[in-house]
Amino acid sequence: MSDPLAGLSRHERLACRVVERVLGATAQAWDVQGRQNAVDAMLTLPDGRCAALEITRVDTGQGLHLEGELARSGFHLPAVGQWWWDITLESVHDLPELRERYARLITLSESLGAIRPEHIRWQTGLHNADLTWLAEHPGVSMFGYPDIPARDGDRVRDVMVMPGGSGGMVDHSMSGLRAMLEELFAGARHMLKHLAKTAAAPADERHLFVVLHSSALPFAMSDALARSSEVPNEEPPLVEGITHFWLAPPYSERILLWSSGHWQQFFPYDAAGEPRRGGRGGHAPEHGAT
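Under the working numbering, residues -12 to 277 are what the sequence shown spells out, in order.
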């Protein structure tokens, strides 16, 4: 039996499966076989009508670069010292210096019993070149776990290094989302094409599915989209003709869907991160009410 999603990328296939589970629809790859200006997939809805589905990822460019560089080393650096450590950083430009300095920072921190190297200067008054560099690069954050050994018998826990946000207070009302999306879409040249293609698709419904990279929005908004129990209260900045807007926040179990003038949330993933049928947290939207 042929694969109805053959020819789509991994994130496009995943988006199709999510939409299928939430709507009870069936997806068919459409931007294949040389079709010009075609949406990524066509959906057959439970009532027999058809919907166009366009899928895209949005990031800052640098975010994907950083993620790619970290992936080369498996998101790890060699274990140092006695504790397990994790590090997050925002900019790929900080990675070479981090690789050169992290071992000394960990060794110093463990000798002082400090789980956060960033705090050593103001807690102890100690200054050196590595601590100064860390203070001047707030996008780098290090955290040690004294109760988790770096080496446990034959097991070695390398230092985990992940892309991360700068942190800060999270606004669970998600106020300002529309303006942030407008700015994000304006800076991502490909978005104009995706918006126009979706709006012009010959279908009963026209769906745009946006996968957000962790670098796409400020931390406070990204974290609220991912973890809040609330849904946004502002309409997304769409062009006329788009009836449904899906938003997949990074590192989140939930999917947000705007249609018929309001937002809903769904939880379509299983424990392995794959879509599951019967997502909780919202009812399947009524088709035809746009």
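Where a beta carbon is used, it is the ideal one built from N, C-alpha and C, also for glycine.
Expressed to the nearest angstrom, what Euclidean distance is found between the alpha-carbon atoms of residue i and residue j?
i       : j      : result
Arg165  : Met208 : 11 Å
Leu92   : Ala2   : 41 Å
Arg176  : Thr43  : 12 Å
Asp139  : Trp70  : 10 Å
Gly154  : Phe206 : With a pLDDT of 49 at Gly154, under the threshold of 50, the modelled position of this residue cannot be trusted; read the value that follows with caution. The alpha-carbon atoms of Gly154 and Phe206 are separated by roughly 6 Å.
Glu41   : Asp73  : 37 Å
Ala186  : Gly61  : 40 Å
Trp(-7) : Leu179 : Note on identity: in this sequence residue -7 is Ala, with Trp being the wrong assignment. If you take the alpha carbons of Ala(-7) and Leu179, they lie about 26 Å apart.
Leu284  : Ala90  : Nothing can be reported for residue 284: it is not among the residues displayed for the chain, which extend from -12 to 277.
Does the separation of the CB atoms of residue i and residue j fall below 9 Å?
i      : j      : result
Pro150 : Ser201 : yes
His52  : Met147 : no
Ser98  : Met129 : no
Ala66  : Asp145 : yes
Val5   : Ile242 : yes
Gly112 : Thr94  : no
Ala173 : Ala38  : no
Start and end of the alpha helix (DSSP H) containing residue i?
i      : result
Arg193 : Run containing Arg193: none in the alpha helix (DSSP H); it sits in the beta strand (DSSP E), Glu192 to Leu199.
DSSP beta-bridge partners for residue i?
i      : result
Thr13  : Thr31
Ala235 : Val198
Leu243 : Leu234 and Gln252
What first and last residue would you give for the beta strand (DSSP E) that runs through residue i?
i      : result
Arg44  : Cys37 to Val45
Phe253 : His249 to Tyr256
Leu212 : Counting along the chain, Leu212 falls outside any beta strand (DSSP E), though it belongs to the alpha helix (DSSP H) covering Phe206 to Arg214.
Asp73  : Trp70 to Leu76
Ser60  : Run containing Ser60: none; DSSP gives neither H nor E here.
If you scan the stretch 93 to 176 from start to end, which runs of the alpha helix (DSSP H) of 4 or more residues do you find wholly inside it?
The stretch 93 to 176 is shown to contain whole alpha helix (DSSP H) runs of 4 or more residues at 107 to 111, 116 to 123 and 164 to 174, in chain order.
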